[in-house]
Amino acid sequence: MENSKTFTVTEANRYIKNILEQDIFLSRLFISGEISNLKHYKIGGQLYFTLKDETSQLNCVIFETMARQLKFSPENGMKVNAVGRLSVFEKKGYYNLQIFAMEPLGIGPLALAFEQLKQKLFQQGLFDQGRKKKIPQYPESIGIVSSPSGAALWDIVTVARRRAPYVKIYLYPAIVQGEKAPRSLIDALESANKHNKVDLILLARGGGSLEELFCFNDETLAYAISNSEIPVICAVGHEVDFTIADFVADLRAPTPSAAAEVIFKDVNESLNKIKIYEEIMLKKMQSIIEDCRLQIDNNISIMSDALHDIFDGSENKLGNLVARLESLNPLSILSRGYSVASINDKIIKKTIECKLGDSIATQVADGTIRSKIYQISTNSSLSGST
Numbered sequence: 201m202e203n204s205k206t207f208t209v210t211e212a213n214r215y216i217k218n219i220l221e222q223d224i225f226l227s228r229l230f231i232s233g234e235i236s237n238l239k240h241y242k243i244g245g246q247l248y249f250t251l252k253d254e255t256s257q258l259n260c261v262i263f264e265t266m267a268r269q270l271k272f273s274p275e276n277g278m279k280v281n282a283v284g285r286l287s288v289f290e291k292k293g294y295y296n297l298q299i300f301a302m303e304p305l306g307i308g309p310l311a312l313a314f315e316q317l318k319q320k321l322f323q324q325g326l327f328d329q330g331r332k333k334k335i336p337q338y339p340e341s342i343g344i345v346s347s348p349s350g351a352a353l354w355d356i357v358t359v360a361r362r363r364a365p366y367v368k369i370y371l372y373p374a375i376v377q378g379e380k381a382p383r384s385l386i387d388a389l390e391s392a393n394k395h396n397k398v399d400l401i402l403l404a405r406g407g408g409s410l411e412e413l414f415c416f417n418d419e420t421l422a423y424a425i426s427n428s429e430i431p432v433i434c435a436v437g438h439e440v441d442f443t444i445a446d447f448v449a450d451l452r453a454p455t456p457s458a459a460a461e462v463i464f465k466d467v468n469e470s471l472n473k474i475k476i477y478e479e480i481m482l483k484k485m486q487s488i489i490e491d492c493r494l495q496i497d498n499n500i501s502i503m504s505d506a507l508h509d510i511f512d513g514s515e516n517k518l519g520n521l522v523a524r525l526e527s528l529n530p531l532s533i534l535s536r537g538y539s540v541a542s543i544n545d546k547i548i549k550k551t552i553e554c555k556l557g558d559s560i561a562t563q564v565a566d567g568t569i570r571s572k573i574y575q576i577s578t579n580s581s582l583s584g585s586t
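Residue numbers for the sequence shown follow the working numbering, so the first one is 201 and each next one is one higher.
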């Protein structure tokens, strides 16, 4: 003990720090393990977590600059490969691994980042069909968000000129590859919405590798597409390529050319459809008119029959009433040998209504007989005078 150097705590920690940080193998340490105790500090942007295996664990940190370069979002339980350097925190006397590169095990970082963002946006409802805007069937103008020098743009323009030269096309140029692409695409989308000159926006890019198309998997771009007030069609890559932009857009087309075929309706095809619809409508109208004519004729026939029945019934009824009235007319019995006697136009009903010497008029079938009463008799007695 007498010959041994005595270190202060600071000296001991500094000595250990120098040894560990100067070790060439520990300055670029490749390590694999499982993430646990993950903490993300929003203010500084750094990530703190532990890498562990079955028996040990190692404290790790990723500072903001490196964290922004990760192609995926670290999660607890995820197994990763990491590269970093060992660093000693002298004041506290502990060490950690400062990581400057990390990727998940078993799946590429780009594919993992894609799946993570896809799941996140799905849970937020950005893929719901109910929120998607209706694509206009015959747009008068469209805005194309694409590279002005890309083949995709000219494929679209070629189809447009051939099928629908009447549609106005506005180009909103954008970078479609690399780190600057998401911001450029967002700016172009916002410009199209701000100018409000188009009925539809087409987000287009030709084929490419996963890395080249990955700018269309940007989270901020996804929100910009979702928030667009103008319907958006996404046509990125080939038929087998799917991006986050495809899922968020109001319609996905497998290729830019396929999108153009959907958007630009052929003039002749449209005219032929109009002719067909015109013929169908004309035949339908003729059928409706013929049905109405037959119905009117049928109704007229029914009404005519009903009126005849009414007239016939009324005529018979009137005849019966006339016959009945005639049968009740006292004068009608004269033709059967009867006569009607009256004094001063008043029909005589009883003998008490008469006096001797009264002049009476007796009406028979063919005329009137006038006479004077010289005798009055009743059924029970007889009296007279001359």
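For every residue, glycine included, the Cβ atom is placed at its ideal position computed from N, Cα and C.
Mind checking who residue i pairs with in its DSSP beta bridge?
{"i": "residue 561", "result": "542 and 570"}
{"i": "residue 371", "result": "344"}
{"i": "residue 289", "result": "294"}
{"i": "residue 284", "result": "229 and 299"}
{"i": "residue 279", "result": "234"}
{"i": "residue 547", "result": "542"}
{"i": "residue 304", "result": "280"}
{"i": "residue 261", "result": "248 and 298"}
In or out: residue i buried (at least 16 other Cβ within 10 Å) or exposed?
{"i": "residue 587", "result": "Lying before the first or after the last residue shown, residue 587 is absent from the chain, which here runs from 201 to 586."}
{"i": "residue 322", "result": "exposed"}
{"i": "residue 347", "result": "buried"}
{"i": "residue 499", "result": "exposed"}
{"i": "residue 249", "result": "buried"}
{"i": "residue 358", "result": "exposed"}
{"i": "residue 511", "result": "exposed"}
{"i": "residue 318", "result": "buried"}
{"i": "residue 306", "result": "exposed"}
{"i": "residue 365", "result": "exposed"}
{"i": "residue 474", "result": "exposed"}
{"i": "residue 289", "result": "exposed"}
{"i": "residue 338", "result": "exposed"}
{"i": "residue 521", "result": "exposed"}
What is the C-beta distance between residue i and residue j, in whole angstroms, given that I count them as a contact (C-beta under 8 Å)?
{"i": "residue 539", "j": "residue 562", "result": "5 Å"}
{"i": "residue 422", "j": "residue 326", "result": "6 Å"}
{"i": "residue 460", "j": "residue 356", "result": "5 Å"}
{"i": "residue 406", "j": "residue 351", "result": "5 Å"}
{"i": "residue 341", "j": "residue 397", "result": "6 Å"}
{"i": "residue 438", "j": "residue 455", "result": "6 Å"}
{"i": "residue 285", "j": "residue 229", "result": "7 Å"}
Q. Does the region 361–377 come close enough to the region 404–421 to have 3 or more Cβ pairs within less than 8 Å?
A. Yes: the two stretches touch, three or more of their Cβ pairs being nearer than 8 Å.
Q: List in chain order: all unbroken beta strand (DSSP E) runs of 3+ residues lying wholly within the region 201–259.
A: The region 201–259 contains these whole beta strand (DSSP E) runs: 229–240 and 247–252.
Q) What alpha helix (DSSP H) runs, 4 residues minimum, are completely inside the region 374–399? A) 381–395
Q | Complete runs of the alpha helix (DSSP H) confined to the region 402–474 [at least 4 residues] | A | 410–413, 419–427, 444–448 and 456–463
Q: Check whether the region 422–441 touches the region 328–336, taking contact to mean three or more Cβ pairs, one atom from each stretch, closer than 8 Å.
A: yes
Q. Taking one C-beta from the region 277–287 and one from the region 226–233 each time, how about it: are there three or more such pairs within less than 8 Å?
A. Yes: at least three Cβ pairs fall under 8 Å.
Q | Three or more C-beta pairs below 8 Å linking the region 458–475 and the region 360–367 | A | yes
Q | Touching by the beta-carbon criterion (3+ pairs, under 8 Å), the region 263–275 and the region 218–228 | A | no
Q: Would you check if there are 3 or more beta carbon pairs closer than 8 Å linking the region 391–407 to the region 338–346?
A: yes
Q: Taking 8 Å as the threshold, find out whether the region 295–302 comes into contact with the region 250–264 through three or more Cβ pairs.
A: yes
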